[in-house]
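**Q** For the protein sequence lines, the chains are A and B, in the order given. Each residue of the first sequence is one higher than the one before, counting from 19 in the numbering used here. Each residue of the second sequence is one higher than the one before, counting from 2 in the numbering used here. Backbone N, C-alpha and C define an ideal beta-carbon position, used for all residues, glycine too. What follows is a structure written as structure tokens; I'll ask about it next.
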Amino acid sequence: MNDEESQNIPDAEFLGQAGAKVEGRTRLEAAYGSSDGDEQTIPSASVAGGTKQHEQAHLGTVFDQSYQPWGGSLNPRWARNWAILRHHVYGLFSKGHRPYGMATKLILFAAFLISLGDLGMSFISAIFSETEMHRVFGISKDNLYGHVLGFWPRNAICFPIIAALLIGGIISEDRMHGTSAIYFSRPLNRIDYTAMKFLSVAIVLFMLIVGTLGIYYTGDILMQGEGWAFFLDTFPIFLAAALAGTILVFTYSSIGLALSSVSRGKFFPAVALLGIFLGMKLIAFLIYTLFERSVLYLLSPYDCVAHVGQALVGTTSTYDHPWTWSLMSLVVINAIALYILASRVSSMEVTRE
Amino acid sequence: MSDQFVIETNDLVKSYGPHIALDSLSLKVKAGATGLLGPNGAGKSTMIKTLLGLIGVTSGEGKVLGFNIRTEGENIRSKIGYLPEYDCLNPGLDAIHQVAYSGELIGMNPTSAMQRAHEVLEYVGLRDQRYRKIETFSTGMVQATKLACSIIHDPELLITDEPSNGLDSRAREFMLKTLQQIVGEGGRSLLMASHLMDDVEKVCDRIVMLHKGRLIAQGRIEDLKSIDQEIEIHVWGHASELERELQNSGYEVRRTGRVMRVVRQDESTYAAIIESAAKSGAQLRRMNDHEPSLEDLFLVIMERLGYSVKSSAELFHFGPSSSKVDAPSELKEVGR
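And the structure:
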């Protein structure tokens, strides 16, 4: 295009402005300009019969920023702790609290149903008056122990997986997302923070393990129409099984939280937790099979709890070493886990993580 | 200690083994907006943690809002709002619940925390985005949400750590305007740690400057800036000769290319510059009193400490190694 041709280009309307030349530079500005592009095109209201000022009035500004003071009072320590507990537990059931993945919620529901499998079988035996079936699935020392500490399927695929899914990210995600700054810049101390995190996962595990034990025990008595004498006979065994279940919950929670506190994501603590529970069990089992030595079970947290549980409930022991050794091992394992948890939480930062 | 200061420390020392993070820090921060300045490793983060009552001090004493930093950390944190520099939000939560939860953690009951969360999110410009998940937010929106979390309980003192970090110009303007309004309209105090001098100058009327754990300047920006009045001249030709001539006449000169700044001694400085220019054959294209910025103040202070620094960015953006450079021993006492 030569100079003569370029001069002959007629004036055109551009962006609503009659007479404005459509030039390459203007096009470029319209297409890639660094400004917001609204300089010439902000819609303007035309007010009938209004003044010129009204005709030029721009639309769209409704945001009036003004600081509002707050005169409420703050609740004491228990309310802050309750907020943490509520946030973590309610997150499993409703929106607006700690977000858990859908898979976690579904697996938890499935585990809850599996945990009530013995109650279902007892129900069937009650409907069909199957005494032989009830003898297998009804209340007994072995079944109360088995409901809490039986290896397959509960402690092989249910409880450890739930513990891994629940606990995996409970502290590590605070490190990953930096949310520890939100906690520790508030009037919370680290003991409360750790205790509430511990309690929130322990409550869910408790409901799953000991809660279903209670449902099974109560349900079976009601369905079979057992009397007070049966209740009085079996209640101490139920309490012993509940105590063993509580020890299991405590151990899963302390080891899980310790692993969560040393990492920045939920994958490592979850896998490590399964590795410790199932891996140690497998190694101890292989050693026992090969050399007939059960001492290595002292390194397996599940087996230590199971051994102590057998002693508490009064079922036949499946281990060669004394149960007090398992109890001591359990104390040591939990002490180490809690020490790691405490030292790692105390190192969590507010200014940078 | 007096009650007229929101923050007051007296010979505060915090050391990690042999490393002294805060060295005999004696601060007096009045109500209003105060900027906290200092290069990497200056001790800003340690100071914030100390003021929040999160870490014990080695020696000395301090008060924040009248509460002792050694023994009343929880009281301090319930009166303070803290906006961290780094991410601190749960990306899976929506903004309204994140802000409400941060209020509950301070001790607000859930209903009033939720009500207040709506108010503060509207205040920071996120009214229409409050039910969106934080993971979908832009940097500016995340920063605004962090601000909402820190002001939900209407704190008496707001501590912000690099509040405009990573924001585009529009979001930055909004953030600074909001902070200004919290101080001006809300009557709250602000301690703003930032490496952006312009931001600090826009929002704060006072500064506290730290270097290697020591306090090197504190006070009103205007007062501090008046310590050195300079005359700026634009020179054409023979600039080096003019610079030499002025220095020989006993004037302090800072030069960047053909722009020079001469420290004004008195009224006669103008005549001396013209005379020196005539002697050296340099053309003076322009001469005016220089209005110093906070950046200039920072450079002057760093020069006095014996550092050759061309801009604050040079110090602030360098890694920790920049703070390992020791000032000449004869100048070490200047900052005290």
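Taking C-alpha atoms, which residue in A:Ala262, A:Ile301 and A:Thr307 lies nearest to Leu317 (chain A)?
**A** The option with the nearest alpha carbon to Leu317 (chain A) is A:Ile301.
**Q** What's the call for Glu105 (chain B), buried or exposed, on a 16-neighbour Cβ count within 10 Å?
**A** Buried, by the Cβ-count rule.
**Q** I believe Gly263 (chain A) touches Ile227 (chain A) by the beta-carbon criterion, under 8 Å. Please report the beta-carbon distance rounded to the nearest angstrom.
**A** Between Ile227 (chain A) and Gly263 (chain A) the Cβ distance is about 5 Å, and since that is below 8 Å, they are a contact.
**Q** Taking 8 Å as the limit between beta carbons, can you name the residues of its chain near Gly238 (chain B), skipping five residues before and five after?
**A** Closer than 8 Å at the Cβ level, and outside the excluded window around Gly238 (chain B), lie Gly282, Ala283 and Gln284.
**Q** In the DSSP assignment, the beta strand (DSSP E) including Thr35 (chain B) goes from what residue to what residue?
**A** Taken as a continuous stretch (DSSP letters only), the beta strand (DSSP E) holding Thr35 (chain B) covers Ala34 to Leu38.
**Q** Contact defined as beta carbons within less than 8 Å: I believe Lys147 (chain B) pairs with Leu84 (chain B). What is the distance between those atoms, to the nearest angstrom?
**A** Yes, they are in contact, since the Cβ atoms of Lys147 (chain B) and Leu84 (chain B) sit about 5 Å apart, within 8 Å.
**Q** With 7 Å as the C-beta to C-beta threshold (strictly closer), list the residues of the region 334 to 363 of chain A near chain B in chain order.
**A** Per Cβ criterion, the list is empty.
**Q** State buried or exposed for Ile179 (chain A), treating a residue as buried only when at least 16 other CB atoms are found within 10 Å of its CB.
**A** So Ile179 (chain A) counts as buried.
**Q** Which of the three DSSP states, helix, strand or coil, is assigned to Phe61 (chain B)?
**A** Note that residue 61 (chain B) corresponds to Gly in the displayed sequence, not to Phe. Gly61 (chain B) falls in the strand class under three-state DSSP.
**Q** Check this for me: beta carbons of Arg116 (chain A) and Gly109 (chain A), under 7 Å apart or not?
**A** Yes, Cβ-Cβ distance for Arg116 (chain A) and Gly109 (chain A) is below 7 Å.
**Q** Here's the rule: buried if 16 or more other CB atoms are within 10 angstroms of the residue's CB, otherwise exposed. What is Gln86 (chain A)?
**A** Exposed: under 16 other Cβ atoms inside 10 Å.
**Q** Counting only Cβ pairs nearer than 7 Å, list the residues of chain B close to Arg204 (chain A).
**A** Ordered by position in chain B, the residues that pass the 7 Å Cβ test against Arg204 (chain A) are Arg78, Leu106 and Ile107.
**Q** Are the C-beta of Pro85 (chain B) and some C-beta of chain A separated by less than 7 Å?
**A** Yes, Pro85 (chain B) counts as interfacial toward chain A.
**Q** Would you kindly work out how many angstroms separate the C-alpha atoms of Ser53 (chain A) and Ser84 (chain A), rounded to a whole number?
**A** With a pLDDT of 43 at Ser53 (chain A), under the threshold of 50, the predicted position of this residue should be treated as unreliable, though the coordinate-derived value follows. Computed Cα separation, rounded: 27 Å.
**Q** With a threshold of 16 other CB atoms inside 10 Å of the CB of Met120 (chain A), please say whether the residue is buried or exposed.
**A** Exposed, because fewer than 16 other Cβ atoms sit within 10 Å of the Cβ of Met120 (chain A).
**Q** Rounding to the nearest angstrom, what Cα-Cα distance links Leu223 (chain A) and Leu292 (chain A) in this structure?
**A** For Leu223 (chain A) and Leu292 (chain A), the distance between alpha carbons rounds to 15 Å.
**Q** Starting from Met210 (chain B), trace the beta strand (DSSP E) in both directions and tell me its first and last residue.
**A** Here the beta strand (DSSP E) through Met210 (chain B) covers Arg207 to His212.
**Q** Here's the rule: buried if 16 or more other CB atoms are within 10 angstroms of the residue's CB, otherwise exposed. What is Gly245 (chain A)?
**A** Gly245 (chain A) comes out exposed.
**Q** Could you give the DSSP three-state label for His291 (chain B): helix, strand or coil?
**A** Strand.
**Q** Whose CA, out of B:Tyr87, B:Leu295 and B:Leu55, lies closest to the CA of Leu168 (chain B)?
**A** Nearest of B:Tyr87, B:Leu295 and B:Leu55 to Leu168 (chain B), Cα basis: B:Tyr87.
**Q** Check for me: the alpha helix (DSSP H) holding Lys15 (chain B) runs from which residue to which?
**A** Where Lys15 (chain B) is concerned, there is no enclosing alpha helix (DSSP H), although the beta strand (DSSP E) it sits in stretches over Phe6 to Tyr17.
**Q** Taking only runs that begin and end inside the region 130 to 181 of chain A, name each unbroken alpha helix (DSSP H) of 4 or more residues, in chain order.
**A** DSSP runs (the alpha helix (DSSP H)) wholly in the region 130 to 181 of chain A: 135 to 145, 149 to 155 and 159 to 167.
**Q** Could you tell me which of B:Leu216, B:Arg262 and B:Pro156 sits nearest to Leu92 (chain A), measuring between CA atoms?
**A** Answer by Cα proximity: B:Pro156.
**Q** Alpha carbon to alpha carbon, what distance is there between Ser143 (chain A) and Ala355 (chain A)?
**A** Ala355 (chain A) and Ser143 (chain A): Cα-Cα distance of roughly 43 Å.
**Q** Over what stretch of residues does the beta strand (DSSP E) that includes Ile232 (chain B) continue unbroken?
**A** Note, Ile232 (chain B): beta strand (DSSP E), Glu231 to Trp237.
**Q** For a contact meaning CB atoms closer than 9 Å, what does Ser84 (chain A) contact in chain B?
**A** Ordered by position in chain B, the residues that pass the 9 Å Cβ test against Ser84 (chain A) are Tyr124, Gln182 and Glu186.
**Q** Could you check what DSSP says for Arg128 (chain B) in three-state terms: helix, strand or coil?
**A** The answer is helix: DSSP assigns Arg128 (chain B) an H, G or I state.
**Q** Is the Cβ of Arg98 (chain A) closer than 7 Å to any Cβ of chain B?
**A** Yes, because at least one Cβ of chain B sits closer than 7 Å to the Cβ of Arg98 (chain A).
**Q** I believe Ile273 (chain A) touches Pro205 (chain A) by the beta-carbon criterion, under 8 Å. Please report the beta-carbon distance rounded to the nearest angstrom.
**A** Not a contact, Cβ separation roughly 30 Å.
**Q** How would you list, in chain order, the residues of chain B whose beta-carbon sits under 7 Å from the beta-carbon of Val107 (chain A)?
**A** The premise fails here: Val107 (chain A) is roughly 14 Å from chain B at the closest Cβ pair, so nothing lies under 7 Å.
**Q** Taking 7 Å as the CB-CB limit, is Thr122 (chain A) close to chain B?
**A** It does not; no Cβ of chain B falls within 7 Å.
**Q** Do you know how far the Cα of Gly61 (chain B) is from the Cα of Ala118 (chain B)?
**A** C-alpha separation (whole angstroms): 38 Å.
**Q** For Ser16 (chain B) and Leu216 (chain B), what's the separation of their Cα atoms in angstroms?
**A** Cα to Cα, the separation comes out at about 15 Å.
**Q** In three-state DSSP terms, what is Thr69 (chain A)?
**A** Note that Thr69 (chain A) scores 45 on pLDDT, short of 50, meaning its location in the model is unreliable; the coordinates nonetheless yield the value given after this. If DSSP states are grouped into helix, strand and coil, Thr69 (chain A) belongs with coil.
**Q** Interface residues of chain B around Leu92 (chain A) at Cβ under 8 Å?
**A** Going along chain B in sequence order, the residues near Leu92 (chain A) (Cβ under 8 Å) are Ser79, Ile107, Gly108, Met109 and His154.
**Q** Could you give the DSSP three-state label for Met109 (chain B): helix, strand or coil?
**A** Coil, per DSSP.
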